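Plus 82 on top of the position in the sequence shown (first one is 1) and you've got our numbering.
C-beta atoms are modelled at their ideal positions from N, C-alpha and C, and glycine is treated no differently.
Just so you know, these numbers come straight off a predicted model, no measurement behind them.
Have a look at the structure below, then the notes.
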Amino acid sequence: MLSYEVLTRTDKRLLRDALASNGGGVDSDFYPKACRERLLKLGLIQWKPNQHKSLHYASLLTITAAGRALLTERALP
């Protein structure tokens, strides 16, 4: 089981922002590549499906159920 304590401040900020977007997604360009890759690998975020076939939507990240569960398990500071 993933522990909240292993996440960096940037990881927590990305998860917090993705949760606050209410499914709208956050722009991946605002977060370091290493952070995005780590959270994608852990299954806490995912690329937003490109429903509109535009480049803008291709760079959006959304929180997964696992990411949401981790945040609700422990409130972010």
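Of the residues the options, the one placed nearest residue i, counting alpha carbons only
i, options, result
"G106", "T144, L153 and L152", "T144"
"L122", "L101, Y86 and T146", "T146"
"P160", "L101, T92 and Y86", "Here the chain covers residues 83 to 159 and nothing more, so residue 160 does not appear."
Presumed contact (8 Å Cβ cut-off) between residue i and residue j, rounded CB distance
i, j, result
"L124", "L97", "That pair is no contact at about 10 Å."
Span of the alpha helix (DSSP H) around residue i
i, result
"L96", "R91 to A102"
"E153", "The sequence given here has Leu at residue 153, not Glu. Note, L153: alpha helix (DSSP H), A147 to E155."
"K123", "K115 to L124"
DSSP bridge partner residues for residue i (one or two, in chain order)
i, result
"V108", "L143"
Whole-angstrom distance between residue j and residue i, CA atom to CA atom
i, j, result
"Q128", "D99", "13 Å"
"C117", "V108", "13 Å"
"S103", "V88", "23 Å"
"E119", "T90", "13 Å"
"S110", "R95", "12 Å"
"G101", "E155", "The identity of residue 101 in the sequence shown is Leu, whereas the question assumes Gly. Approximately 14 Å between the Cα atoms of the pair."
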